[in-house]
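Q: In case it helps, the working numbering puts the sequence shown at residues 962 to 1576. Ideal placement from N, C-alpha and C gives every residue a C-beta, glycine not left out. Dropping the structure in here first, questions after.
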Amino acid sequence: MMTSKDLTESRKKIGDETPAPPGFVSLTSFTLKRTKRDREPEQNEAYSKTTDIENLQKSVKHRPWILGDQLTNLEKPNTQHLNMNISVENTLPKGVIRGCPSCSNCQKVIACWRPEEGCRPSVKSTSVLHPTEEEFKDIYKYIEKIRPKAEENGICRILPPESWKPPFLLKGNKFDTTRFGTHVQEINALKDLHSKRKLNEIIELKDGSDGFEFESGPEFTLPAFKRYAEQFKQNYFKKQDMFTGVGTPAWENVEGEYWRIIQNPTEEIQVLSGHNLETKVLGSGFPLPSLDDHNDDQSKYRKSGWNLNNTPNMPGSLLPFDCDNSTPSTSLMDVGMCFSSLCWKVEEHHLYLLSYMHLGSSRIWYGVPSKYRLKCEALLKKTFPELSRHRELFHKLVTQLSPSILKSEGIPVYRCVQHPKQFILIFPGAYYWGFDTGFSVSEKANFAPLDWLPHGQLTVETYSEMHRKTSISYDKILLGGAREAAKSSWDSRKRGWNNACGKDGWFTRALKSRVRRESFKREFLCNGARSRKMEEDFGCSLKRECFLCFSDLYLSAAGCSCSPDKYSCLEHSKQICTCPWSSRFFLYRSSIDELNLLIDTLSGKVNPKSTTFTT
962 MMTSKDLTES RKKIGDETPA PPGFVSLTSF TLKRTKRDRE PEQNEAYSKT TDIENLQKSV
1022 KHRPWILGDQ LTNLEKPNTQ HLNMNISVEN TLPKGVIRGC PSCSNCQKVI ACWRPEEGCR
1082 PSVKSTSVLH PTEEEFKDIY KYIEKIRPKA EENGICRILP PESWKPPFLL KGNKFDTTRF
1142 GTHVQEINAL KDLHSKRKLN EIIELKDGSD GFEFESGPEF TLPAFKRYAE QFKQNYFKKQ
1202 DMFTGVGTPA WENVEGEYWR IIQNPTEEIQ VLSGHNLETK VLGSGFPLPS LDDHNDDQSK
1262 YRKSGWNLNN TPNMPGSLLP FDCDNSTPST SLMDVGMCFS SLCWKVEEHH LYLLSYMHLG
1322 SSRIWYGVPS KYRLKCEALL KKTFPELSRH RELFHKLVTQ LSPSILKSEG IPVYRCVQHP
1382 KQFILIFPGA YYWGFDTGFS VSEKANFAPL DWLPHGQLTV ETYSEMHRKT SISYDKILLG
1442 GAREAAKSSW DSRKRGWNNA CGKDGWFTRA LKSRVRRESF KREFLCNGAR SRKMEEDFGC
1502 SLKRECFLCF SDLYLSAAGC SCSPDKYSCL EHSKQICTCP WSSRFFLYRS SIDELNLLID
1562 TLSGKVNPKS TTFTT
C-alpha cells in the first residue's frame, strides 16, 4: 500500500506532465510546478504577448475541450497599430474532404443536411414576365417596355415563348474533352472570410487590380464536373429515414440549408465553381452567328437578339461604339454545383446583365433596386467598419450578406428563382447575389441600351473619385452614338432609338450633362496652358487613362514635355510633375463649340445636312 511519502514523491516526478482535459479522471496524481522566466526586454513585450496568444489560439484545434468563449478573457496585446484584429482560427470540423493521394477530383462528403436548423429568409418574389411571340422578336424594344415596372425590383425573370427552344451546343466531343478551371469556395466562411481576415491584402490591391479570387481548384471536363456535383448533392442531402429513402430536395430546402451554413456553420463546407469562363475556351451554348448564314433549324437562334453572343452588339446597344474594349461585349459561361455562390456585387459600369440557364438545377438570385445603392454602401460600412474609410475597396470584397440583414436596415430584397431555359435580367446599378442548388450550366452577357447613359456617366464620375479603373470608355460610347444619331442620313429608329434625339432625347440630355462638366474644367483648369487637338488615334487603339485616378482620357487630357508618355485628366494636371505650369499642354478631341453644335443638332435646332461633325 502506498504511503503519503510515496504519494508525494510520485507527484513530484510527474509534475511536468500534460494534464488531462476537464471531465476526464487522471490515472495519476500530480502537482503544478512554477517555473522562473527571465524578463524579456520591454520593447518585445507586445510581440511576446501577441505570439503567446497566437500560439494558444492555434493550439485550440488540438485541444477541443477549450471553448471559444474562454479565449475572450485572455489578456490581449495592444493591436491598434494593426489593420485588423487577431481572430481565433477556424476550428470547425471538415464537412467535405477533397482529393486523395491518387486523385485530386474526388471528394468525401461527411456533413449532411440539417433541415430542422434551416435559415430560409423571408423575402418577396420578383416579377415573372411572359413575352408574346411578337414581343420576343425585338429584345431591346421589349426591355424598354418592361423597364419602368420591372426595374423597381432590380431583377426580374423572363420566360421565353414555348416555341423558343435553342439547342445546347456544348455537347459531343467539345463537351466531353474541353477542360476548364474551377475555384474553391468555403461557404461557411463567406460572411467574412475575404473581408476582415484579409483586409491588409485588400488594401494592397488599391492600385486598381482585380479583387480577391477564390483559391484555384482542379480542372474538369463538363461530364466529370457534373458527376462531382451530383455526388456531392446526393451525399449531402441523403435522408437517414429508411422509409423515405434518398430524394431530391426542393429548392426551398436547399435555400434554408445554404443560409444556415453561412449564418450558423457547424462544418467547413467547400464546393467548386466555374464562373466567368470565356466562351472562346469552353465554347458557347448558343449557335454562333455566321456571315454565311443559311436557313435551317438553328437559323433563327443564330440571329436572335436573345442569343447572348449577339445581345451586346445588336442594333439598340451602345457597346459597339467602344469596339476596341471588347471585354464586356462577349458572353461568359458559368458552371456550378450545389452551394456554388455568386457573391454580392453590382455590375461594372452599372451595365445591364442578362443570364440564361442552359441546363441543370435551379439557381436562386437576390436583387436590390439601384435606388437603394447608397443604403447598401452604408450597410457595408457598418458591417465592415475597418473599410469605412476605403470605399474604393467595396467592389473587391468577396462576401455574402443574408437578405434578413438587409431587410433589418430598411433595404428591400427580392428573390428570383431561375430554372433551365429561363432568363434573369439585372438592371443597372442593382446589387445582386445568389447560389446554385445543384449542377448547372448558364451563360451571361452585358449590354447597354439608351437608358443606360445616365448610369454610365454616374459610374465614371464615381470611379474617378475612388481612383478605380474603368473597363469601357463612356465618352467614346457617348460621342460615337450621338454623332451617328445626328447624321443626316441616319434614321435612329433603325437602331431602336426612338427616344435618342429631340429636346429630351437620351443622347441630348446625356451630352448636355457631360459637356457642362467638361466646359467647367477647361475654363478653370486649363486657362493659360498650351492647347492642341489630339492625334486621331490618341486613346483609340490604346486606351489612355489618368496616371492618378485612372479616368478615361478619350475626350481630353493633360501632359508635360518632361514625361511624353504620362498623361492625366484635367483635374490632376498639376500633379503630373513639378515642372512650371507653362510646361503643361492640354489635348482635346473636340472643342466646346463643336460639342455644343452636336447638342443643337440632336435637339433639332440645327439642320444636320448643313453640319459636319469632327468629333
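Going along the chain, which residues of its own chain have a beta-carbon closer than 8 Å to the beta-carbon of Pro1121, five neighbours each way excluded?
A: Within the sequence shown, the letter at position 160 stands for residue 1121. Counting only Cβ-Cβ distances below 8 Å, and skipping sequence neighbours, we find Pro1092, Phe1097, Trp1267, Lys1382, Gln1383, Phe1384.
Q: Do the region 1097-1111 and the region 1211-1225 touch if we need at least three Cβ pairs shorter than 8 Å?
A: The region 1097-1111 vs the region 1211-1225: no contact.
Q: How big is the Cα-Cα spacing for Leu1090 and Cys1117?
A: If you number the sequence shown from 1, residue 1090 lands on position 129. If you number the sequence shown from 1, residue 1117 lands on position 156. Their Cα atoms are separated by approximately 8 Å.
Q: Which term fits Leu1249, buried or exposed, when burial requires 16 or more other beta carbons within 10 angstroms of its beta carbon?
A: Here residue 1249 refers to the residue found at position 288 when the sequence shown is read from its first residue. Exposed, because fewer than 16 other Cβ atoms sit within 10 Å of the Cβ of Leu1249.
Q: As a quick exercise: from Tyr1189, Ser1534, Gly1565, pick the residue whose alpha carbon is nearest that of Asn1460.
A: Indexing the sequence shown from 1 puts residue 1460 at position 499. Minimum Cα distance to Asn1460 is reached at Gly1565.
Q: Measuring only the C-alpha atoms, how far is Leu1243 from Leu1516?
A: Working through the sequence shown from its first residue, we reach residue 1243 at position 282. Working through the sequence shown from its first residue, we reach residue 1516 at position 555. Distance between the alpha carbons of Leu1243 and Leu1516 is about 37 Å.
Q: For Asp1283, collect the residues of the same chain with a Cβ closer than 6 Å to its Cβ; drop the 5 residues on either side in sequence, then sort them by chain order.
A: By one-based count along the sequence shown, residue 1283 stands at place 322. Excluding sequence neighbours, Asp1283 sits near Ile1433, Ser1434, Lys1437, Ile1438.
Q: Which runs of the alpha helix (DSSP H) fall wholly inside the region 1379-1467 and span at least 4 residues, in chain order?
A: You should have 1414-1427, 1435-1447.
Q: Is Gln1068 near Phe1181, with beta carbons less than 8 Å apart?
A: Sequence index remark: in the sequence shown, residue 1068 carries index 107 (1-based). Sequence index remark: in the sequence shown, residue 1181 carries index 220 (1-based). Going by C-beta atoms, Gln1068 is not nearer than 8 Å to Phe1181.
Q: Can you tell me where the beta strand (DSSP E) with Ile1119 in it begins and where it stops?
A: Indexing the sequence shown from 1 puts residue 1119 at position 158. Note, Ile1119: beta strand (DSSP E), 1116-1119.
Q: Could you name the residues of the same chain whose beta carbon sits closer than 8 Å to that of Trp1394, not counting the 5 residues immediately before and after it, in chain order?
A: By one-based count along the sequence shown, residue 1394 stands at place 433. If we look at Trp1394 and ignore the five residues flanking it on each side, its Cβ neighbours are Ser1302, Leu1303, Cys1304, Trp1305, Lys1306, Trp1326, Tyr1327, Gln1361, Leu1362.
Q: Out of Cys1073, Arg1545, Asn1149, state which residue places its alpha-carbon closest to the alpha-carbon of Ser958.
A: Given a span of 962 to 1576 for the chain in the structure shown, any question on residue 958 remains unanswerable.
Q: In three-state terms, what does DSSP make of Lys1212?
A: Within the sequence shown, residue 1212 is the residue found at index 251, counting from 1. Per the sequence presented here, residue 1212 reads as Trp, with Lys not at that position. Three-state DSSP puts Trp1212 in a helix.
Q: If I'm right that Val1421 touches Asp1513 with Cβ under 8 Å, what's the distance once you round it to whole angstroms?
A: Residue 1421 sits at position 460 when you count from the first residue of the sequence shown. Residue 1513 sits at position 552 when you count from the first residue of the sequence shown. That pair is a contact at about 7 Å.
Q: Would you say the region 1403-1412 touches the region 1329-1346, given that touching needs at least three Cβ pairs under 8 Å?
A: The region 1403-1412 vs the region 1329-1346: no contact.
Q: When the Cα atoms are used, what is the spatial distance from Val1567 to Gly1442?
A: Position 606 of the sequence shown holds residue 1567. Position 481 of the sequence shown holds residue 1442. Answer to the nearest angstrom: the Cα atoms are 18 Å apart.
Q: Below 8 Å, how does it come out for the region 1473-1483 and the region 1550-1566: are there three or more Cβ pairs, yes or no?
A: Yes, since at least three Cβ pairs between the region 1473-1483 and the region 1550-1566 fall closer than 8 Å, the two stretches touch.
Q: Output yes or no for whether 8 Å exceeds the beta carbon distance between Glu1228 and Ala1072.
A: Within the sequence shown, residue 1228 is the residue found at index 267, counting from 1. Within the sequence shown, residue 1072 is the residue found at index 111, counting from 1. A contact, by the Cβ cut-off of 8 Å.
Q: Cβ of Val1145 within 8 Å of Cβ of Leu1238?
A: Your numbering for residue 1145 matches position 184 in the sequence shown. Your numbering for residue 1238 matches position 277 in the sequence shown. Contact flag unset, no.
Q: Which parts of the region 1320-1354 are runs of the alpha helix (DSSP H), unbroken and 4 residues or longer, counting only runs that do not cross its ends?
A: Entirely contained in the region 1320-1354, the alpha helix (DSSP H) runs reaching 4 residues are, in chain order, 1334-1344.
Q: For Pro1281, name the three-state secondary structure that DSSP assigns.
A: Here residue 1281 refers to the residue found at position 320 of the sequence shown. In the structure shown, Pro1281 sits in a helix (DSSP, three-state: H, G or I).
Q: Could you pull the start and end residues of the beta strand (DSSP E) that Gln1068 belongs to?
A: If you number the sequence shown from 1, residue 1068 lands on position 107. It spans 1064-1070 - the beta strand (DSSP E) in which Gln1068 sits, taken as one unbroken run.
Q: Helix, strand or coil: how does DSSP classify Phe1485 here?
A: Along the sequence shown, read from residue 1 onward, the residue named residue 1485 stands at position 524. Helix.
Q: Nearest-angstrom Cα distance between Tyr1424 and Lys1430?
A: Counting from one through the sequence shown, the residue named residue 1424 turns up at place 463. Counting from one through the sequence shown, the residue named residue 1430 turns up at place 469. Looking at the two C-alpha atoms, the distance is approximately 7 Å.
Q: Tell me whether Ile1184 is buried or exposed, calling it buried when 16 or more other Cβ atoms sit within 10 Å of its Cβ.
A: Taking the sequence shown and counting its residues from 1, one reaches residue 1184 at position 223. A quick correction: the sequence has Pro, not Ile, at residue 1184. Its Cβ having fewer than 16 others within 10 Å, Pro1184 is exposed.
Q: Give me the DSSP bridge partner(s) of Cys1523.
A: Locating residue 1523 in the sequence shown gives position 562, counting from the first residue. According to DSSP, Cys1523 bridges with nothing at all.
Q: I'd like the span of the beta strand (DSSP E) that includes Thr1143, first residue to last.
A: Counting from 1 along the sequence shown, the entry for residue 1143 is found at position 182. Unbroken beta strand (DSSP E) run through Thr1143: 1140-1147.
Q: Determine the direct distance from the alpha carbon of Lys1199 to that of Ser1403, and round the result to whole angstroms.
A: Taking the sequence shown and counting its residues from 1, one reaches residue 1403 at position 442. Taking the sequence shown and counting its residues from 1, one reaches residue 1199 at position 238. When rounded, the distance between both Cα atoms is 26 Å.
Q: Would the beta-carbon of Glu1532 fall within 8 Å of that of Leu1486?
A: Along the sequence shown, one-based indexing puts residue 1532 at 571. Along the sequence shown, one-based indexing puts residue 1486 at 525. Yes, Cβ-Cβ distance for Glu1532 and Leu1486 is below 8 Å.
Q: Grouping DSSP H, G and I as helix and E and B as strand, with all else coil, what is Asp1561?
A: What you label residue 1561 is simply residue 600 of the sequence shown in a count that begins at 1. Asp1561: helix per DSSP, three-state reduction.
Q: What did DSSP end up calling Thr1240 once you bin it into helix, strand or coil?
A: Counted from its first residue, the sequence shown places residue 1240 at position 279. DSSP places Thr1240 in helix when its eight states are reduced to three.
Q: Applying the criterion that 16 or more other CB atoms from any shown protein chain within 10 Å of the CB defines a buried residue, is Asp1397 buried or exposed?
A: Position 436 of the sequence shown, counting from 1, holds the residue named residue 1397. So Asp1397 counts as buried.
Q: How is Glu1497 classed by DSSP in three states: helix, strand or coil?
A: If you number the sequence shown from 1, residue 1497 lands on position 536. Glu1497: coil per DSSP, three-state reduction.
Q: Please state the DSSP three-state secondary structure of Gln1536.
A: Taking the sequence shown and counting its residues from 1, one reaches residue 1536 at position 575. Of the three classes helix, strand and coil, the one that applies to Gln1536 here is helix, per DSSP.
Q: Go ahead and pull the three-state DSSP assignment for Val1307.
A: On the sequence shown, residue 1307 is found 346 positions in, with the first residue counted as 1. Coil, per DSSP.
Q: Where His1310 and Cys1061 are concerned, what is the direct C-alpha to C-alpha distance, given to the nearest angstrom?
A: Within the sequence shown, residue 1310 is the residue found at index 349, counting from 1. Within the sequence shown, residue 1061 is the residue found at index 100, counting from 1. If you take the alpha carbons of His1310 and Cys1061, they lie about 43 Å apart.
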